[in-house]
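These notes concern the structure reproduced below.
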Amino acid sequence: MRKWGFLLLASVLFVAPLASCRDRSAQTGQTTATTAAGGNSQQGSSRIDTIVSRGKLICGISGELPGFSFVDEQGKYSGLDVDVCRAVAAAIFDDPEKVEYRKLNAKDRFTVLQAGEIDILSRNTTYTASRDTTTGLEFAPVIFYDSQSIMVKKDSGIKSLQDFAGKSICVQTGTSTEQNLSDQMRKLGVKYTPVVFEEVNTTFATYQEGRCQGVTADRSQLVSKRTTLPNSENNVVLPIVMSKEPLAPAVKSGDPKWSDAVRWIIFAAIEAEDLGINSGNIDQIVASSTDPNVKRLLGKEGDLGKGFGLPNDYAVRVVKKVGNYGEMYDRNLGPKSTLKLERGQNRLWKDGGLLYSPPFR
15 MRKWGFLLLA SVLFVAPLAS CRDRSAQTGQ TTATTAAGGN SQQGSSRIDT
65 IVSRGKLICG ISGELPGFSF VDEQGKYSGL DVDVCRAVAA AIFDDPEKVE
115 YRKLNAKDRF TVLQAGEIDI LSRNTTYTAS RDTTTGLEFA PVIFYDSQSI
165 MVKKDSGIKS LQDFAGKSIC VQTGTSTEQN LSDQMRKLGV KYTPVVFEEV
215 NTTFATYQEG RCQGVTADRS QLVSKRTTLP NSENNVVLPI VMSKEPLAPA
265 VKSGDPKWSD AVRWIIFAAI EAEDLGINSG NIDQIVASST DPNVKRLLGK
315 EGDLGKGFGL PNDYAVRVVK KVGNYGEMYD RNLGPKSTLK LERGQNRLWK
365 DGGLLYSPPF R
């Protein structure tokens, strides 16, 4: 009996410390997971809190792509990507001009975002599986559905990818475009020479000089950059579709409060167009609408904004100061722009396009 009592006591003394270690290990694991998911687990801080304290949004853009992000000689930024930055600033500060823009090339854009040097990347970036899972990005909703094509000189005689056998193609490195081109040519068995550059302007300048017989990029980018080339009418974008290119802003992953805020700011601009709300009629609609969907979107009913860490009337700020999605598209890419791109698949769902917002409820 004394022997069994001794063994029982020894087992209790041995197991108790192990249980304590497991408890401490579980608590450490919980703390680590919480920190990874939300940043500072003790303070529960978010990027949006930093932005509010700083008094401005820092937004990474291209700055070299008319229609998406471009800076003119007076230092004024414009484009669809720029308007996303302005919409976020309007939602947070009620002032779309409280933005500091950082011009980034394709190679450095993700590193700069991961390092926390910018708050949001709004730079004609394709939403892909690897970027979503391995580069530390959290994508916002798609703001432009695009595809990849190729541009050639009108008198080149080139009509298809097969015609590039033995020829060279200019392409920007650090982009999904570079891999898509390689995949398509490998599939077709076409031997070609890729001429790669880090900077978009160098890529197109080299093409213009005739050092490569074609230049490939997103179709919208080709249309945009064609307007900046001398004798732009001598260049043609071929009716070739190499890939799907859903372009979306992104934030650093691990901060759900900030990513939710950006996501629902963009959805608010899309939903406003869907409900017929624009910068010209929003004051009247705020004052008189009895539609529950409208009232929830505009913060007149419920408190959805608070759930995103935003003022409850954040959607009103966005639409009033920047516009709904359709207004942004029209002035930057559509009929009110120099590009005059058809909306196509970027129309609202009810008009045969791909755009719609989840319900605001």
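Just so you know, we're using our numbering here: the sequence shown kicks off at 15 and counts up by one.
Yeah, the Cβ is synthetic: ideal placement off N, Cα and C, and Gly gets one too.
Asked: In chain order, which beta strand (DSSP E) runs of at least 3 residues are fully inside the region 228 to 279?; Found: 228 to 232, 249 to 251, 258 to 261 and 264 to 266
Asked: Where do the N-terminal and C-terminal ends of the beta strand (DSSP E) with P373 fall, by residue?; Found: P373 -> no beta strand (DSSP E), and no H or E assigned at all.
Asked: Please go through the region 84 to 157 and give each complete alpha helix (DSSP H) segment of 4 or more residues, from N-terminal end onward.; Found: 94 to 107, 123 to 128 and 143 to 148
Asked: If you compare alpha carbons, which of G294, R233 and N346 is closest to K335?; Found: G294
Asked: Terminal residues of the continuous beta strand (DSSP E) containing Q193?; Found: No beta strand (DSSP E) contains Q193, which is instead part of the alpha helix (DSSP H) from S190 to L202.
Asked: Around the Cβ of K320, are there at least 16 other Cβ atoms within 10 angstroms (buried) or fewer (exposed)?; Found: exposed
Asked: Could you spell out the range, first to last residue, of the beta strand (DSSP E) harbouring G321?; Found: Taken as a continuous stretch (DSSP letters only), G321 belongs to no beta strand (DSSP E), being part of the alpha helix (DSSP H) at L318 to G321.
Asked: What separation, rounded to the nearest whole angstrom, lies between the Cα atoms of V96 and P270?; Found: 23 angstroms
Asked: Is Y343 helix, strand or coil when you go by DSSP?; Found: helix
Asked: Given a cut-off of 7 angstroms, decide if V333 and I299 are closer than it, judged by their beta-carbon atoms.; Found: no
Asked: Can you tell me the Cβ-Cβ gap for E259 and D160, rounded? I've got them flagged as a contact below 8 angstroms.; Found: 4 angstroms
Asked: Using only the alpha-carbon positions, how far apart do G366 and A104 sit?; Found: 30 angstroms
Asked: Less than 7 angstroms separating the beta-carbons of L312 and V330?; Found: yes
Asked: Could you check which residue in W363, R361, Y141 and S83 has the C-alpha nearest to that of V214?; Found: S83
Asked: In terms of DSSP beta bridges, what is L362 paired with?; Found: L369
Asked: State the start and end residues of the unbroken alpha helix (DSSP H) segment that holds L324.; Found: L324 -> no alpha helix (DSSP H), and no H or E assigned at all.
Asked: Is E356 buried or exposed, if buried means 16 or more other CB atoms sit within 10 Å of its CB?; Found: exposed
Asked: T207 bridges to which residues according to DSSP?; Found: S182
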